[in-house]
Amino acid sequence: MKLLLFISNAFINTMGITQPSAKTANRAAWFIFIMLCAVLTTVATIAFLGIRWASQH
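Numbering follows this note's numbering, with no gaps: position 56 of the sequence shown is 60.
Here it is in structure tokens:
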């Protein structure tokens, strides 16, 4: 959980977002983690499909 909070704090500080309270910090950490995983999954899927499509043509 500390790594997750570290990553979310880094994101919050980088983007200049107001620091959340302790309760909302955990929610923000999970939200940022889920969104990051969704973006990485989408990019990986597009890359995989692009490579697969390119190798077939």
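Idealized CB from N, CA, C, for every residue including glycine.
Item, Value
"Assign residue 58 to one of two classes, buried (16 or more other C-beta atoms within 10 Å of its C-beta) or exposed (fewer than that).", "exposed"
"CA-CA distance, residue 52 and residue 34?", "27 Å"
"From 18, 40, 39, 9, pick the residue whose C-alpha is nearest to that of residue 62; which is it?", "The chain is shown only over 5 to 61; residue 62 falls outside these bounds and no answer can be derived."
"Whole angstroms is fine: what's the gap from residue 48's alpha carbon to residue 41's?", "10 Å"
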